[in-house]
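Let me begin by presenting the structure, written as structure tokens, before commenting on it.
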Ligand code: GBH
């Protein structure tokens, strides 16, 4: 029998739920960060967000209308275990039970992300968050709580969303919560995230819960600027510092050689026990993909500077220089639209790791608009989705890459982290005054893409 291809949308708890102080939910680091003056554009917070906590039934209706067969969402750890490590909040479990049952009633398969950046605040204050293995232990217990509560109906689990962002933006350049700046802590945080992942997967497999478990790592594509040897090596190096850093350990059992050489003591090493825990700990590869740059060699003394966000001391560790073709279209985040980069990346992943099923757990774009009318008429996003899904289908159907799902980011406009509500990634427009949802042109375009591929 042919494996079903999942067409879906993706969201994350802090970005859509709101209800930040309701029904026993504890505080998390994004509650604290968004309430810290100066951190978020326009002082926006996720206090209400899309109020999905109260409006989730409407959102399920929207997805049913769209025709998706999968929905990727995250659980709020501090809604389920308010202080991250103590007692379980039954109201938190109840909310997700209603969401899961509602999805299943419409034939939509839930893909759960356990951690999409909203660490319970207590674990930050007591353990320094991901700098301590105590947080990994707490995560493992939280994961087991979720497998026990939802594992009878949920068969697709993603432990962590984008450990690169947690480590680099949270502990490297201080852009995201908890806002730390360092060129060693990102490597330690990432290590503890990988250990936490390994511990949770062991729990999952030994517990005999049905289904698949994996990670969602983000990666932008790096195309060699020229065909010369040095530029090809630079592109490869950049991909290894980006994706292989966090994916090699869970498949091959160790960090890429180039990172070990370059970083020395700043990169933790796996003990034999840790290696046994982490190696082979994914059933699939989750990929979040947004953009592409050219890569070229750069002398070590100059470091490597990424366009867009500077990555603190981290970028200096890659002796790579990034650039772009100014003819490429840009999204309102300033990210370049390069569908062929997506196809190349899927092939690179397939080649490096072999025949793991790949789920594209996020892909999408932000589009600027001055009014509701303009926002709803998002031909730019419709074209983006057409281009990127065509590139993915070419990888799947022509190149033989085992892609088994695609989740568009995002179902609806939501809290875009430090950019607040200023950046809209949704295929559904959300009026943040009335909370009314309106499908955009891209919603209709995506509906057709899905219908055509599923032969409806
Ligand atoms: C995802 O992260 C998140 O999972 C999601 O929560 C978020 O809402 C969504 O994307 C949209 O931001 O500055 O040109 O070098 C995105 C990860 C990492 C993708 C950095 C773009 C830098 C592009 N991003 N990358 S550039």
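Residue numbers (full-length UniProt numbering): 1 to 456. Quick reminder that beta carbons are idealized off the backbone N, C-alpha and C, glycines included.
Through-space distance from residue j to residue i, alpha-carbon basis
{"i": "residue 133", "j": "residue 78", "result": "18 Å"}
{"i": "residue 12", "j": "residue 73", "result": "5 Å"}
{"i": "residue 281", "j": "residue 253", "result": "9 Å"}
{"i": "residue 264", "j": "residue 454", "result": "49 Å"}
{"i": "residue 211", "j": "residue 380", "result": "37 Å"}
{"i": "residue 312", "j": "residue 322", "result": "A caution first: residue 312 carries a pLDDT of 44, below 50, which makes its placement in the model too unreliable to give a value."}
{"i": "residue 395", "j": "residue 384", "result": "17 Å"}
{"i": "residue 188", "j": "residue 118", "result": "19 Å"}
{"i": "residue 143", "j": "residue 114", "result": "7 Å"}
{"i": "residue 305", "j": "residue 98", "result": "For residue 305, the predicted structure reports a pLDDT of 47, less than 50, and the residue's modelled location is therefore unreliable. The matter cannot be settled from this model."}
{"i": "residue 71", "j": "residue 229", "result": "42 Å"}
{"i": "residue 256", "j": "residue 200", "result": "23 Å"}
{"i": "residue 262", "j": "residue 237", "result": "11 Å"}
{"i": "residue 164", "j": "residue 190", "result": "7 Å"}
{"i": "residue 58", "j": "residue 25", "result": "22 Å"}
{"i": "residue 369", "j": "residue 21", "result": "31 Å"}
{"i": "residue 203", "j": "residue 140", "result": "8 Å"}
{"i": "residue 94", "j": "residue 223", "result": "46 Å"}
{"i": "residue 123", "j": "residue 170", "result": "15 Å"}
{"i": "residue 175", "j": "residue 129", "result": "16 Å"}
{"i": "residue 168", "j": "residue 407", "result": "24 Å"}
{"i": "residue 3", "j": "residue 318", "result": "39 Å"}
{"i": "residue 456", "j": "residue 448", "result": "9 Å"}
{"i": "residue 51", "j": "residue 92", "result": "15 Å"}
{"i": "residue 239", "j": "residue 205", "result": "30 Å"}
{"i": "residue 298", "j": "residue 324", "result": "15 Å"}
{"i": "residue 160", "j": "residue 216", "result": "6 Å"}
Option nearest residue i by Cα separation, candidates the options
{"i": "residue 227", "options": "295, 187 and 92", "result": "295"}
{"i": "residue 121", "options": "286, 64, 105 and 138", "result": "138"}
{"i": "residue 409", "options": "400, 395 and 289", "result": "289"}
{"i": "residue 417", "options": "166, 316 and 56", "result": "166"}
{"i": "residue 18", "options": "369, 432, 392 and 89", "result": "432"}
{"i": "residue 213", "options": "155, 444, 93 and 439", "result": "155"}
{"i": "residue 326", "options": "348, 351, 356 and 292", "result": "292"}
{"i": "residue 438", "options": "375, 406 and 399", "result": "375"}
{"i": "residue 186", "options": "162, 49 and 198", "result": "162"}
{"i": "residue 378", "options": "349, 351 and 428", "result": "428"}
Residues near residue i by beta carbon distance below 7 Å, same chain, minus five either side
{"i": "residue 68", "result": "7, 8, 9, 108 and 450"}
{"i": "residue 310", "result": "Because residue 310 sits at a pLDDT of 45, beneath the cut-off of 50, its placement in the model cannot be relied upon, and the point is left open."}
{"i": "residue 96", "result": "75 and 150"}
{"i": "residue 391", "result": "339, 340, 342 and 343"}
{"i": "residue 145", "result": "80, 81 and 88"}
{"i": "residue 345", "result": "219, 221 and 289"}
{"i": "residue 459", "result": "Since the displayed the chain opens at 1 and closes at 456, residue 459 lies outside it and no answer follows."}
Beta-carbon contacts of residue i that lie in its chain and below 6 Å, excluding the five residues immediately before and after
{"i": "residue 209", "result": "147 and 151"}
{"i": "residue 27", "result": "121"}
{"i": "residue 242", "result": "219"}
{"i": "residue 382", "result": "441, 442 and 445"}
{"i": "residue 393", "result": "none"}
{"i": "residue 353", "result": "251"}
{"i": "residue 329", "result": "337"}
Nonlocal neighbours in the same chain, by C-beta distance under 8 Å from residue i, ignoring five residues either side
{"i": "residue 387", "result": "337 and 339"}
{"i": "residue 195", "result": "133, 136, 274, 277 and 278"}
{"i": "residue 426", "result": "410, 411, 412, 413, 414 and 440"}
{"i": "residue 436", "result": "430"}
{"i": "residue 347", "result": "395, 399 and 401"}
{"i": "residue 49", "result": "14, 15, 16, 17, 18, 414 and 415"}
{"i": "residue 198", "result": "250, 274, 277, 278 and 281"}
Inter-stretch contact at 8 Å, needing at least 3 Cβ pairs: the segment 355 to 370 / the segment 328 to 345: Yes: at least three Cβ pairs fall under 8 Å.
Contact the segment 176 to 194 vs the segment 32 to 49: 3+ CB pairs below 8 Å: With the rule of 3 Cβ pairs closer than 8 Å, the segment 176 to 194 counts as touching the segment 32 to 49.
Inter-stretch contact at 8 Å, needing at least 3 Cβ pairs: the segment 419 to 439 / the segment 36 to 52: yes
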